[in-house]
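S.K.:
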Amino acid sequence: MADIKNSALELIGGTPMLKLQNIVPKNSIHNYYVKAEFMNPGGSIKDRIALAIIEKAEERGELKPGATIIEATSGNTGVGLAFIAAVKGYKSIFVMPAKMSKEKVDTLRAYGAKVILTPVGVEPDDPRSHYSVAKKLVEITPNSYYANQFFNDDNPQKHYETTGPEIWEQLDGKVDVLVSGAGTGGTISGVGKFLKEKNPDCKVVLVDPPGSILHDMFHHGKVVTPPAPYQVEGIGEDMVPGNMHFEVVDDSIYVDDKSSFMMARDALKKEGLYVGGSAGTNIAGAIAYAEKITDRSLNVVTFLCDSGNRYLSKQFNDDWMKENGFLESPMQNNSVSDLIAKVQPDQTLFSVSSSESIFRVIELFKEYRVSQLPVLDGDTVVGLVDESDLLFPLAKGEIKPTDGIINFVKDKILFVEMDDNLQKLADMFQDGYVALCYDASKKLHVITKIDLIDFLSE
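Position 412, counted from 1, in the sequence shown is what my numbering calls 688; the numbers after and before it change by one each time, with no gaps.
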């Protein structure tokens, strides 16, 4: 009989490993692997620790029937706790900073949880912070249990016992670099500890958003830059969690909000991976770290921490991205490849030899129903011929149909790459150039002002 599960809880963990293909640098010597944690039933890596926290508390007698689970969360641990609480029959209350996405709040409430939102940017020990409010709720709520993910040892231990071994097995023990953001610190600490025990040469790299203090704490042992608001969710902190074990970390780098969100959008567009902003942080950080190493090939692994369906109102919403300064104009945000796919999907490009006569070129204009043609000398593009350049000289008798075309070839052409943005095209057109491009199949494309106008108008 097929492998039938008896509970959604049995679906937690055992997530797939994927090798990135399309958003990593071309010709990179490194291999980039991502663990698809968004495929957990609650939609994030936090399902793992939520299950451990609840089951260990049950074993210790700290979580009693009918109890209310209370937690300060950025959303994902809350969702994991809420869905497990629903399965096991517990009630739940979650306290979140108000910056978290509406989708996360709605998801928690859909599980039957109560959600309390707190101000953004207050100190951790401020009575209004989500940490302080959660602790106060525990004090005043009978038969309650504080999950306390930031200081609960069951958090990193779960990753040490499950996530780390899964990675080791999936990559046949060939793990050179682990890259991870940190919120509670549980993932990077637990997985990092396991991998270093297996391979002491494995490097563990923390990626942190500017505004978080963890980067400073690793490099300087103190806060150098005061904490500041940032938009990416689930990673970074304004205090040092008890589960952040810096002794397993070898390096730390910054990845800003814009880089995180644009990488997450690229992951969807180019890899088909619908993931959150912290996954973008992880991927961007992995690439930034590894590409500086050129003397050997590395197997680099990181996490796709949660599903992108929690960020439809944020990183996948163009208006929100523009309002927050993360998304530039369509000219900057779209590529030559996007234009060709939209306005020239099945276009056949015709050309003419540089040895042809004007008469033959005019015949080809009529036959192909085009107004310009690339001119080839053998296999080399030497320019373009445009009907407007022939009309008036012919009408005035200045040229004959039997004349060669070579003297009327425009050489104001420039080649562009498929991944160049459209602003480059616009600048070329402004200077009077026509753009040519070879796609992946070596098919030649001529891109004109009209093509750009058609793309932008749609």
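We put the beta carbon where it would ideally sit given N, CA and C, even for glycine.
Please determine, among K378, Q425, N316, the residue with the shortest C-alpha to C-alpha distance to M293.
M.R.: For this step, residue 293 is matched to residue 17 along the sequence shown. The candidate whose alpha carbon is nearest that of M293 is N316.
S.K.: Excluding the 5 residues preceding and the 5 following S420 in the sequence, name in chain order all residues of the same chain whose CB lies nearer than 6 Å to its CB.
M.R.: Stepping through the sequence shown from its first residue, residue 420 is reached at position 144. Closer than 6 Å at Cβ, skipping near neighbours: T344, I346, V414.
S.K.: Under 8 Å Cβ to Cβ from S633, same chain only, skipping five residues before and after it: list those, please.
M.R.: Taking the sequence shown and counting its residues from 1, the one referred to as residue 633 is at position 357. These residues qualify, in order along the chain: P677, T678, D679, G680, I681.
S.K.: Return the residue from the list V577, D402, L603, G548 that minimises the CA-CA distance to M515.
M.R.: Counting from 1 along the sequence shown, the entry for residue 515 is found at position 239. For M515, the closest alpha carbon among the candidates V577, D402, L603, G548 is that of D402.
S.K.: At 3 residues or longer, what runs of the beta strand (DSSP E) sit wholly inside the segment 507–569?
M.R.: 527–530
S.K.: For Q507, I'd like the list of residues in its chain whose CB is within less than 6 Å of its CB, leaving aside the five on either flank, ordered along the chain.
M.R.: For this step, residue 507 is matched to residue 231 along the sequence shown. Result list for Q507: D533, in chain order.
S.K.: Quick check on the DSSP output: what are the complete alpha helix (DSSP H) runs of length 4 or more inside the segment 606–671, in order along the chain?
M.R.: Listed in chain order, they are 606–609, 612–619, 634–644, 663–671.
S.K.: Could you spell out the range, first to last residue, of the alpha helix (DSSP H) harbouring V248?
M.R.: Not covered by the structure: residue 248. The range shown for the chain is 277 to 734.
S.K.: Give me the DSSP bridge partner(s) of V577.
M.R.: Indexing the sequence shown from 1 puts residue 577 at position 301. The partner list for V577 (beta bridge, DSSP) reads Y309, L454.
S.K.: Give me whichever residues DSSP pairs with L447 in a beta bridge.
M.R.: Stepping through the sequence shown from its first residue, residue 447 is reached at position 171. Bridge partners of L447: none, in fact.
S.K.: Based on Cα-Cα distance, which residue from S613, A711, V722 lies nearest to M694?
M.R.: By one-based count along the sequence shown, residue 694 stands at place 418. Nearest C-alpha to M694: S613.
S.K.: Looking at the strands, I want to know which residues DSSP matches up with M372.
M.R.: Walking along the sequence shown from the start, residue 372 turns up at place 96. In DSSP, M372 forms a bridge with L393.
S.K.: If you reduce the DSSP assignment to three classes, tell me which class V355 lands in.
M.R.: For the purposes of this step, residue 355 is identified with residue 79 of the sequence shown, where counting begins at 1. Three-state DSSP puts V355 in a helix.
S.K.: Considering only the alpha carbon of each residue, which of F691, V619, Q446, Y565 lies closest to Y714?
M.R.: Within the sequence shown, the letter at position 438 stands for residue 714. Out of F691, V619, Q446, Y565, F691 has the C-alpha closest to the C-alpha of Y714.
S.K.: Terminal residues of the continuous beta strand (DSSP E) containing M293?
M.R.: Stepping through the sequence shown from its first residue, residue 293 is reached at position 17. Element bounds for M293: 293–295.
S.K.: I'd like to check one pair, V661 with F684: are the Cβ atoms closer than 8 Å?
M.R.: Here residue 684 is taken as the residue at index 408 of the sequence shown, counted from 1. Here residue 661 is taken as the residue at index 385 of the sequence shown, counted from 1. By the CB criterion at 8 Å, F684 and V661 fall inside the cutoff.
S.K.: Given 8 Å as the limit, is there contact between the segment 431–438 and the segment 459–473, that is, 3 or more CB pairs closer than that?
M.R.: yes
S.K.: Beta-carbon within less than 6 Å of Y644's beta-carbon, same chain only, minus the 5 sequence neighbours each way: which residues are those?
M.R.: Taking the first residue of the sequence shown as 1, we reach residue 644 at position 368. So the qualifying residues of the chain are F626.
S.K.: Inspect the beta-carbon positions of G289 and T501 and report whether they are closer than 8 Å.
M.R.: In the sequence shown, residue 289 corresponds to position 13, counting from 1. In the sequence shown, residue 501 corresponds to position 225, counting from 1. No. Outside cutoff.
S.K.: So does the segment 363–378 actually touch the segment 403–410, counting three or more Cβ pairs closer than 8 Å?
M.R.: yes
S.K.: Tell me whether the segment 582–598 and the segment 558–569 touch, counting them as touching only if at least three CB pairs, one residue from each stretch, are closer than 8 Å.
M.R.: no
S.K.: Using three-state DSSP, classify K228 as helix, strand or coil.
M.R.: Because residue 228 is not part of the residues shown, which for the chain are 277 to 734, the question remains open.
S.K.: Using a threshold of 8 Å, state whether the C-beta atoms of G553 and E509 are closer than that.
M.R.: Numbered from 1 along the sequence shown, position 277 holds the residue referred to as residue 553. Numbered from 1 along the sequence shown, position 233 holds the residue referred to as residue 509. Yes; because the gap between Cβ atoms is below 8 Å, this pair is in contact.
S.K.: By Cβ distance, which residues of its chain are closer than 7 Å to D696, with the 5 residues on each side in sequence left out?
M.R.: If you number the sequence shown from 1, residue 696 lands on position 420. Correct list, in chain order: S611, V612.
S.K.: Taking the C-alpha atoms as reference points, what is the distance between V637 and G708?
M.R.: Locating residue 637 in the sequence shown gives position 361, counting from the first residue. Locating residue 708 in the sequence shown gives position 432, counting from the first residue. In a straight line, the C-alpha of V637 is about 22 Å away from that of G708.
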